[in-house]
Amino acid sequence: MREFAFALAQFFICESPDQSNRSACQVCQNCRLFIAGSHPDFHAVTSEFETVHGRIALLTAYSDRYQDAKEREKKSRPSRVISVDQVRKLISRFSTHTHIASTRVALIMPADRLNTNAANALLKLLEEPPDQSILILATSETVRLPKTILSRCVLFSLAAPNRQQSLHWLEDFIPDEFRITALDLSNNEPLNARAMYEAGQLEDRQSYLKGLISTLENKIYPLDLAQKVAKMEFDNVLLWFAQFVIELVVWKAAGQRPSWGNLGSVDPAVLSMDRLCALYDRITHYRKISRGSVNEQLAMEDLLISLQKVTERHGMVQNAKQ
Ligand SMILES: [Zn+2]
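Position 203 (the sequence shown) corresponds to 289 in the numbering used here; numbering is contiguous.
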């Protein structure tokens with residue numbers, strides 16, 4: 087997705103694109119400046135995290151126009167959010183004439199990282215873009231974009247590689263024993279699977295799953311687990327939680343045992359389908375608003391307490407007390 091977004095941006099900037107295979111010429115002045123990371127009419131707006139971990143060299147060259155590189159380097163946890171100040175800067179640069187190219191292009195990526203204020207500020211530009219302007223919003227999670235933004239964009243979906251192709255590509259990066267799990271955990275996105283493995287997140291996930299099972303079994307206090315996972319990346323934890331709940335739903339509805347193995351004493355017969363679905367909705371809610379505007383620990387406590395209540399057994403105890 088990232089590589090494609092850059093290639094698309096270059097295609098729009100190029101003076102004489104090859105229309106037959108829809109690619110930039112690579113040799114015109116615009117292409118050369120673009121590739122050198124210094125084209126004045128191309129704008130890349132991204133989060134600090136994406137600049138550090140995005141694995142695209144050009145991204146750093148361009149995103150520094152919208153970030154304070156010195157501040158970013160001081161941080162142990164670079165921001166994952168695209169701020170309203172970045173969007174305001176883009177709007178002001180889009181209000182002047184183009185410098186060299188006939189078209190100016192902005193790439194906002196990952197677009198799901200726009201915080202609420204930034205998304206609202208961007209709406210005006212999407213509604214009334216200046217002439218000769220192209221805005222590319224790239225994301226692998228359209229579900230996390232506000233509807234107001236989505237409704238003002240033309241949507242193109244990129245086909246994901248199939249599972250076999252992904253596993254084959256990952257052979258160079260992930261050892262056999264972790265490959266399938268990494269791909270499963272990344273929603274079948276091979277680049278994310280590789281990043282996840284390289285960042286050591288498989289271990290975090292393993293310990294989190296154990297915590298979720300213990301929570302279901304009433305062997306651990308939700309608040310203790312929430313505190314323990316506070317150091318992990320909140321978005322990852324939410325994704326793992328959502329996948330955990332989906333597997334419980336499938337187990338309850340179709341009898342298929344979850345993939346995470348050791349289930350302790352959890353019995354699908356005591357799980358409440360209604361409460362599982364309500365919990366899943368709640369996780370989705372936090373995934374949508376997690377762009378810097380949520381108290382992560384309180385949200386996790388809320389979700390874990392709800393998890394403890396998904397057993398009918400818990401409901402009966404509650405009812406008996408009433
Ligand atoms: Zn060109």
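Heads up, the beta-carbon is just placed ideally off N, CA and C, and yes, glycines get one too.
Judged by DSSP in its simplified three-state form, residue 388 adopts helix. Secondary structure of residue 167 (DSSP, three-state): coil. Taking C-beta separations shorter than 7 Å and ignoring five residues to either side along the sequence, residue 106 has no partners in its chain. Beyond the five residues adjoining it in sequence on each side, residue 109 comes within less than 8 Å, by CB distance, of 93, 97 and 103 in the same chain, given in chain order. Judged by their CB atoms, residue 262 and residue 231 are not nearer to each other than the 8 Å cut-off. In chain order, the residues with a C-beta atom nearer than 5 Å to some heavy atom of ligand 1 are 100, 110, 111, 114 and 117.
For the pair residue 101 and residue 112, the Cα-to-Cα distance works out to about 10 Å. Counting only residues of its own chain and dropping the five nearest sequence neighbours on each side, residue 194 has a CB closer than 6 Å to the CB of 131 and 223. Of the candidates 214, 206 and 229, 206 places its Cα closest to the Cα of residue 172. If you compare the alpha carbons of 352, 342 and 213 with that of residue 239, the shortest gap goes to 213. With a cutoff of 8 Å on beta-carbon distance, residue 361 and residue 336 are scored as not near each other. Of 196, 284, 389 and 170, the smallest CA-CA separation from residue 258 is found for 284. Residue environment: residue 309 is assigned as exposed (fewer than 16 neighbouring CB atoms within 10 Å of its CB, all protein chains considered).
With respect to the C-alpha of residue 202, the residue from 181, 227, 167 and 182 having the closest C-alpha is 167. The criterion of a C-beta distance shorter than 8 Å is not satisfied by residue 249 and residue 256. For residue 237 and residue 319, the gap between their C-alpha atoms comes out near 30 Å.
In this structure, residue 316 lies away from residue 373, with their beta-carbon atoms at least 8 Å apart.
Pairing residue 127 with residue 190 gives a Cβ-Cβ distance under 8 Å.
Cα atoms of residue 124 and residue 164: separation of roughly 24 Å, rounded to the nearest angstrom.
If you ignore the 5 residues before and after residue 383, its C-beta comes within less than 6 Å of the C-beta of 312 and 316, all in its own chain and listed in chain order.
In the same chain as residue 226, and ignoring 5 residues on each side of it, the C-beta atoms closer than 6 Å to its own belong to 87, in chain order. Using a C-beta cut-off of 8 Å, the stretch 361-371 makes no contact with the stretch 288-307, since fewer than three inter-stretch Cβ pairs fall below that distance. Taken through DSSP and simplified to helix, strand or coil, residue 128 comes out as strand. Excluding sequence positions up to five before and after residue 295, its CB lies within less than 6 Å of the CB of 346, all in the same chain and listed in chain order. Here residue 209 is not near residue 177, since their CB atoms are 8 Å or more apart. Residue ranges of uninterrupted beta strand (DSSP E) with 3 or more members, entirely inside the stretch 217-300 and ordered along the chain, are 219-223. For residue 191, the enclosing beta strand (DSSP E) stretches over residues 190-194. Taking C-beta atoms as the reference points, residue 220 and residue 116 fail to come closer than 8 Å. Shown here for residue 344: same chain residues with a beta carbon closer than 6 Å to its own, the five before and five after excluded, namely 333 and 337 in chain order.
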